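Quick notes on the structure that follows.
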Amino acid sequence: MRGRASIDAVPVTRARRPKGLLIAAEGLDGSGKSAGLDALGRWLERKGRRVHLVRWEPSRLVARASGAPRGRQILTPRVAALLAAAEAADRIARDVRRPLARGDVVLADRYAWTAVAREVARGLEPAWSAALYRFAPMPDLVIFHRQDPAGALSRALATRPTPVGAEAVASAYSAFLVRLMAAYDALLADPAAGPWPVPALVLDPRAGPEARVEAIRDGVRPLLEAPVGEPVSA
Amino acid sequence: MNTATETTRTLQVPAAHPGAHGEPGVLVVLEGIDGSGRSTHVRRLEEHLRYAGWGVTRTSLASSLLSGDLIRAAKRDRHADPTETTLLYAADLAERVEQVVVPSLRAGLVVIADRYCWTPMARAEARGVDPVWLDALFGFVPAPDAVVFLDVDAEASLARRADEPDAYEAGWDLGLSADRRESYRLFQERLYACFDRYAGPAGFARIRAAGPVEQVGQRVLRIADAVLAGRSPMPPGRVRVGAA
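If you read the sequences in order, they're chains A and B.
Sequence positions in the first sequence follow the numbering used here and run -15 to 218.
Sequence positions in the second sequence follow the numbering used here and run 3 to 246.
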């Protein structure tokens, strides 16, 4: 129902949220988000939960606009942010709200924090960028995978090789990653400065894969034991 | 970003105030529910100002290059998510603010906006979207010099329509009534309640607009003339350059 969906669009308290569990993994490229979520998903399935994995895809609307004849000049950071958010709203209504309403678990491979951090890194106001994504349901937990920008850069260059002018691309992208990390840090320092005051679990980049899996389970376990729909302390 | 929490809560659409945008031009907005005569008065105002020698730019809802078609598609889709549609309206307005409104104001022109942020805000609110979020979302817009609110209520708007209202203007997706005209009246009533509430904080100049076109038109012109008082139209061929 559309009316219901939009009233729920701005969750302020956890008590108003539908049952189900939303866990978001955030962080730079190559920080181990996907591996962590895969392991978590299998663990939750073994516990009898129905799990949906949702990836934060790049915006098709923005890609199409930047390919349009005059699009490149018109597609300013704010217009791009709003188009991307519109597309995300549609995706969230379908892939996040619906399974949550059914009481399922949704694991988001990047979510609103990444969207907000990217807009801030592109020069938009932090407060406005955070407000933009307040329509997204608040996760029960954000798992932040710390990764230094240099690691993310080498990973990005390895998986998406750049043709000509690789050095210039690398240097521009590196500066972007530094700004992105600063934006994530600001959200970690004060989650209430983001779309919602979400509890966050920060994973140490030096910990091995097994230690990370264990840390994630420790963070998620209390959420499973809590009665459905009840507030959970961070 | 340590002060961002407070700012997020206080982000809001700026109230109309002459000169608040800080550019040499003038921004006059006309708002009102569907059937309030807005399009007619936008045309009349534009004509009046051109005759008086002003350089005028007009901008209308959903006329942006990148979002216009997306909005029209969303309006045809009964199952479109209201949050998504609102964000498309915001993208549309952001593009026009950046490409039309601000450059025109900087060049010293008079910009007439046929609806601004308040129509999309009211349409979203009428569909249950949180007004606090809407206020923050549209907080990027420059403050108009004046907002003319053409005050026509839902009954009067319906009485003006001989034809069957279109589905979107009737809020057909909300299922308010099986009868299209009744649905229109109920939906426009919701929009009117929103405008009525925005009027004070947003500094609307309210005009009772149910009367004869000529009389209402004169009131609209008086408001625009008051904003333009003390300024003179640009001499032909001279470009006024705003502060760097």
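Note that CB positions come from ideal geometry on N, CA and C, so glycine has one too.
Quantities reported herein were computed from a predicted structural model and do not represent experimental measurements.
> Going along the chain, which residues of its own chain have a beta-carbon closer than 6 angstroms to the beta-carbon of Arg52 of chain B, five neighbours each way excluded?
Replying inline: By 1-based counting over the second sequence, the position of residue 52 of chain B is 50. If we look at Arg52 of chain B and ignore the five residues flanking it on each side, its Cβ neighbours are Val58.
> Which chain B residues sit within Cβ distance under 9 angstroms of Ile58 of chain A?
Replying inline: What you label residue 58 of chain A is simply residue 74 of the first sequence in a count that begins at 1. Near Ile58 of chain A (Cβ distances below 9 angstroms), the residues of chain B are Ser66, Leu67, Leu68, Glu97, Glu100 and Gln101.
>> Please confirm whether Val142 of chain B has its beta-carbon closer than 8 angstroms to some beta-carbon of chain A.
In response: What you label residue 142 of chain B is simply residue 140 of the second sequence in a count that begins at 1. Correcting the residue identity first, residue 142 of chain B is Phe in this sequence and not Val. Chain A contact via Cβ: present.
> By how many angstroms is the C-alpha of Glu103 of chain A removed from the C-alpha of Leu68 of chain B?
Replying inline: On the second sequence, position 66 is the one that residue 68 of chain B refers to. On the first sequence, position 119 is the one that residue 103 of chain A refers to. Using only the alpha carbons, I get a separation of about 19 angstroms.
>> Once the 5 residues before and after Leu185 of chain A are set aside, which same chain residues still bring their CB inside 8 angstroms of it?
In response: Translated into the one-based positions of the first sequence, residue 185 of chain A becomes position 201. Hits under 8 angstroms: Leu125, Val126, Ile127, Phe128, Ala199, Ile200 and Gly203.
> For His23 of chain B, which option in B:Gly202, B:Val113, B:Gln220 and B:Glu97 has the closest C-alpha, if you only look at C-alpha atoms?
Replying inline: For the purposes of this step, residue 23 of chain B is taken as the residue at position 21 of the second sequence. Comparing Cα-Cα distances from His23 of chain B to each of B:Gly202, B:Val113, B:Gln220 and B:Glu97, the minimum goes to B:Val113.
> How many angstroms separate the CA atom of Arg(-2) of chain A from the CA atom of Leu6 of chain A?
Replying inline: Mapped onto the first sequence, residue -2 of chain A falls at position 14. Mapped onto the first sequence, residue 6 of chain A falls at position 22. Confidence is the limiting factor: at Arg(-2) of chain A the pLDDT is only 48, short of 50, which leaves the residue's position unreliable, though a coordinate-based value still follows. Cα to Cα, the separation comes out at about 12 angstroms.
> When burial is assigned at 16 or more other CB atoms within 10 Å of the CB, is Pro214 of chain B buried or exposed?
Replying inline: Counted from its first residue, the second sequence places residue 214 of chain B at position 212. Burial call: exposed.
> Near Pro167 of chain B, which residues of its chain fall below 7 angstroms by C-beta distance, leaving aside the five closest residues on each side in sequence?
Replying inline: Residue 167 of chain B sits at position 165 when you count from the first residue of the second sequence. Once the five neighbours on either side are set aside, the close Cβ partners of Pro167 of chain B are Arg182, Arg183 and Tyr186.
>> To test your reading of the DSSP string, which unbroken alpha helix (DSSP H) runs of 4 or more residues are found completely within the segment 106 to 152 of chain B?
In response: 120 to 127 and 133 to 139
> Skipping 5 residues on each side, what residues in its chain have a beta carbon closer than 6 angstroms to that of Pro146 of chain B?
Replying inline: Walking along the second sequence from the start, residue 146 of chain B turns up at place 144. Hits under 6 angstroms: Ala18, Leu29 and Val31.
> How big is the Cα-Cα spacing for Arg219 of chain A and Trp135 of chain B?
Replying inline: Past the edges of chain A, shown from -15 to 218, lies residue 219 of chain A, and the structure says nothing about it.
> Would DSSP call Leu47 of chain B helix, strand or coil?
Replying inline: As a first step, residue 47 of chain B must be located in the second sequence, where it is residue number 45. Reduced to three states, the DSSP call for Leu47 of chain B is helix.
> Does the beta carbon of Trp112 of chain A come closer than 8 angstroms to any beta carbon on chain B?
Replying inline: Here residue 112 of chain A refers to the residue found at position 128 of the first sequence. By this cut-off, Trp112 of chain A is an interface position.
>> At a CB distance below 9 angstroms, what residues from the segment 23 to 46 of chain B approach chain A? Give them in sequence order.
In response: none
>> So with CB distances below 7 angstroms, who are the chain A contacts of Leu139 of chain B?
In response: Looking up residue 139 of chain B in the second sequence gives position 137. Going along chain A in sequence order, the residues near Leu139 of chain B (Cβ under 7 angstroms) are Ala115 and Leu116.
> Does DSSP put Glu33 of chain B in a helix, in a strand, or in coil?
Replying inline: Working through the second sequence from its first residue, we reach residue 33 of chain B at position 31. Strand at Glu33 of chain B.
> Whose C-beta lies closer than 6 angstroms to the C-beta of Arg34 of chain A among residues of the same chain, with five residues either side of it excluded?
Replying inline: For the purposes of this step, residue 34 of chain A is taken as the residue at position 50 of the first sequence. Here the set comprises Asp88.
> Using DSSP with H/G/I as helix, E/B as strand and the rest coil, what is Ala207 of chain B?
Replying inline: In the second sequence, residue 207 of chain B corresponds to position 205, counting from 1. DSSP places Ala207 of chain B in strand when its eight states are reduced to three.
> Rounded to a whole number of angstroms, what is the C-alpha to C-alpha distance between Arg86 of chain A and Gly39 of chain B?
Replying inline: Looking up residue 86 of chain A in the first sequence gives position 102. Looking up residue 39 of chain B in the second sequence gives position 37. Distance between the alpha carbons of Arg86 of chain A and Gly39 of chain B: 46 angstroms.
>> Assess contact between the segment 171 to 179 of chain A and the segment 131 to 144 of chain A, defined as three or more Cβ pairs (one per stretch) separated by less than 8 angstroms. Is contact present?
In response: no
> What beta strand (DSSP E) runs, 3 residues minimum, are completely inside the segment 14 to 73 of chain A?
Replying inline: 35 to 39
> Between A:Arg94, A:Lys3, A:Glu10 and A:Ser15, which lies nearest to Ala140 of chain A when the distance is taken from Cα to Cα?
Replying inline: In the first sequence, counting from the first residue as 1, residue 140 of chain A sits at position 156. Among A:Arg94, A:Lys3, A:Glu10 and A:Ser15, the Cα nearest to that of Ala140 of chain A is on A:Ser15.
> How many angstroms separate the CA atom of Pro16 of chain B from the CA atom of Glu33 of chain B?
Replying inline: In the second sequence, the residue the question calls residue 16 of chain B occupies position 14. In the second sequence, the residue the question calls residue 33 of chain B occupies position 31. If you take the alpha carbons of Pro16 of chain B and Glu33 of chain B, they lie about 15 angstroms apart.
>> Three or more C-beta pairs under 8 angstroms: does that hold for the segment 89 to 104 of chain B against the segment 187 to 198 of chain B?
In response: no
>> In the DSSP assignment, the beta strand (DSSP E) including Leu91 of chain A goes from what residue to what residue?
In response: As a first step, residue 91 of chain A is located in the first sequence; it is residue number 107 there, counting from the start. Val89 to Asp93 is the span of the beta strand (DSSP E), which, as asked, contains Leu91 of chain A.
> In angstroms, rounded to a whole number, what distance separates the CA positions of Arg106 of chain A and Ala156 of chain A?
Replying inline: Here residue 106 of chain A is taken as the residue at index 122 of the first sequence, counted from 1. Here residue 156 of chain A is taken as the residue at index 172 of the first sequence, counted from 1. About 12 angstroms.
> Alpha carbon to alpha carbon, what distance is there between Val63 of chain A and Asp71 of chain B?
Replying inline: Translated into positions along the second sequence, residue 71 of chain B becomes position 69. Translated into positions along the first sequence, residue 63 of chain A becomes position 79. Rounded to whole angstroms, Asp71 of chain B to Val63 of chain A spans 15 angstroms at the Cα level.
>> Let's see if you can read the secondary structure: which residues bound the beta strand (DSSP E) around Glu10 of chain A?
In response: Working through the first sequence from its first residue, we reach residue 10 of chain A at position 26. Segment Leu5 to Gly11, the beta strand (DSSP E) holding Glu10 of chain A.
>> Distance check for Leu47 of chain B and Val1 of chain B, CA to CA, integer angstroms please.
In response: Here chain B comprises residues numbered 3 to 246, so residue 1 of chain B is not present and cannot be evaluated.
>> DSSP three-state label for Ser273 of chain B, please.
In response: One cannot answer for residue 273 of chain B here, as it falls past the ends of chain B, which runs 3 to 246.
> Are the CB atoms of Arg44 of chain A and Glu71 of chain A nearer to each other than 8 angstroms?
Replying inline: Along the first sequence, one-based indexing puts residue 44 of chain A at 60. Along the first sequence, one-based indexing puts residue 71 of chain A at 87. Going by C-beta atoms, Arg44 of chain A is nearer than 8 angstroms to Glu71 of chain A.
> Three or more beta-carbon pairs under 8 angstroms between the segment 120 to 135 of chain B and the segment 81 to 91 of chain B, yes or no?
Replying inline: yes
> Under a CB-based cut-off of 8 angstroms, is Thr7 of chain B close to chain A?
Replying inline: On the second sequence, position 5 is the one that residue 7 of chain B refers to. No answer about Thr7 of chain B holds up, because its pLDDT of 45 lies below 50 and its placement is not dependable.
> How many whole angstroms separate the CB atoms of Trp97 of chain A and Ala8 of chain A, which I take to be in contact at a CB cut-off of 8 angstroms?
Replying inline: Indexing the first sequence from 1 puts residue 97 of chain A at position 113. Indexing the first sequence from 1 puts residue 8 of chain A at position 24. Their Cβ separation, rounded to whole angstroms, is 7 angstroms, which keeps Trp97 of chain A and Ala8 of chain A in contact under 8 angstroms.
> Going by other Cβ atoms of all chains shown within 10 Å of its Cβ, with 16 needed for buried, is Lys31 of chain A buried or exposed?
Replying inline: Start at 1 with the first residue of the first sequence, and residue 31 of chain A comes out as number 47. Per the 10 Å Cβ criterion, exposed.
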